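Residue numbers (the UniProt record's numbering): 1 to 389.
We put the CB at the ideal spot given by N, CA and C, even for glycine.
Bear in mind that the values here come from a model prediction, so they are computed numbers and not experimental data.
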């Protein structure tokens, strides 16, 4: 069946909240998908069904064409159609406005005070390798490549942490490794010692709002004497300056074929001509296992029925004195997280997350070998050498 032959990926947005699969991002629209379907039927002597029928099949299989989450807000649309109360909608809009207002204020502070760093952070939509325009490309699984990007609001400096799935996953320790490396590098390069670091992101749990990253940032605050604050934008309204980086990269990629992962490094770097983006290409040895840094086991403000959940938190503050505080609204006062903190040695050795390159799935490895038929021979050895099941 046509749909079953198309490779799928989990959305890198809110993966833990949804079991929905997405067609690889190379398929850009329903029109594009139906064109491929017609070509498939003609080549295989199968009878076509209508576009509407094909879309119903996709829906029944819980598969979708990928759409960037920043294009629309589900809660706003639900309110428009009378499916959400005015009270819930008003709270949603208040959170949106508060986050946008605070980000503007924090940006001004960072521009005026050299002891304050304000960054926005996000993971780009998954990049695929190889990226080809040959028909065979649509029916074979590709290697997933990841670009975690950090944008300095005051200086407009950009650092992109880039790796492929053979070198790392996209879990909390991967992001903690990148973020900690960046903060340490900025701290070491500043003439004026940093006093405060503020980070804006969406609230995606596995990436930003989780106990592993919180423990990592608390450890950094205690060791360096720098206060760290995380602020989470309201779901559905999460556009940040870092997204302009990803847009520039996508424009640079338009009509560009990619034969192997290192080619993305040049594309990312050159996506901005003035002050090119800095790219750090990572292998498996870079990542650390921050689940071993365990000050707290949970960042939920309570345990009882009716107590706030992690997803209700709008800000975290990590103090050099060793406390974590939180806000449920950015306009609220801070509250100390009601969790007993364990003692962790300041000089604790954080172990490597991986002892060797990661194994990709056998089916994906086989697909990549078949794609060598449409790749220049100098790239074959890279795909042959990937570790696999």
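For residue 227, the enclosing beta strand (DSSP E) starts and ends at 227-232.
Looking at 162, 32, 349 and 253, the one whose alpha-carbon comes closest to that of residue 219 is 349. Each residue's CA atom was taken as its position, placing residue 345 and residue 205 some 27 Å apart. Relative to residue 223, the option among 88, 83, 93 and 323 whose CA is nearest is 323.
At the C-beta level, residue 143 and residue 164 come within 8 Å of one another. Residue range 242-253 is occupied by the alpha helix (DSSP H) that includes residue 247.
For the pair residue 362 and residue 41, the Cα-to-Cα distance works out to about 28 Å.
The residues 192, in chain order, have a CB closer than 7 Å to that of residue 114 in the same chain once the five nearest residues on each side in sequence are set aside. DSSP places residue 327 in the strand class (E or B) of the three-state scheme. If the five residues before and after residue 33 are omitted, its C-beta is found closer than 6 Å to the C-beta atoms of 27, all from its own chain and listed in chain order. Note: residue 144 is bridge-paired with 128 in the DSSP secondary-structure output. Nearest neighbour of residue 6 by Cα position, chosen from 240, 58, 203 and 138, turns out to be 138.
Cβ neighbours of residue 133 within its own chain (closer than 7 Å, five residues either side excluded): 257. The continuous stretches of beta strand (DSSP E) do not include residue 291, and DSSP gives it neither H nor E.
Per DSSP, the unbroken alpha helix (DSSP H) holding residue 222 starts and ends at 211-224. Boundaries of the alpha helix (DSSP H) harbouring residue 365: 362-371, taken from the DSSP string. C-alpha of residue 214 to C-alpha of residue 299: approximately 8 Å in a straight line. Distances from the alpha-carbon of residue 121 to those of 160, 306, 104 and 55 put 160 closest.
In the DSSP assignment, residue 307 is bridged to no other residue. DSSP places residue 160 in the uninterrupted beta strand (DSSP E) bounded by 158-164. The beta-carbon distance between residue 211 and residue 296, rounded to whole angstroms, is 6 Å. This is short enough to meet the 8 Å contact definition. Contact fails between the segment 304-319 and the segment 116-131, because fewer than three Cβ pairs, one in each stretch, are under 8 Å apart. The alpha-carbon separation between residue 86 and residue 355 amounts to approximately 52 Å.
With fewer than three CB-CB distances shorter than 8 Å, the segment 56-64 does not count as touching the segment 101-110. Residue 367 counts as buried, since at least 16 other C-beta atoms from the protein chains shown sit within 10 angstroms of its C-beta. Burial is judged here by how many other beta carbons sit within 10 angstroms of a residue's own beta carbon; residue 117 has at least 16 and is buried. Within the model, the alpha-carbon separation for residue 141 versus residue 342 is close to 44 Å.
Take residue 168, set aside five residues on each side of it, and the residues of its chain with a beta-carbon closer than 8 Å to its own are 146, 174, 282, 284, 286, 287, 353, 354 and 358, in chain order.
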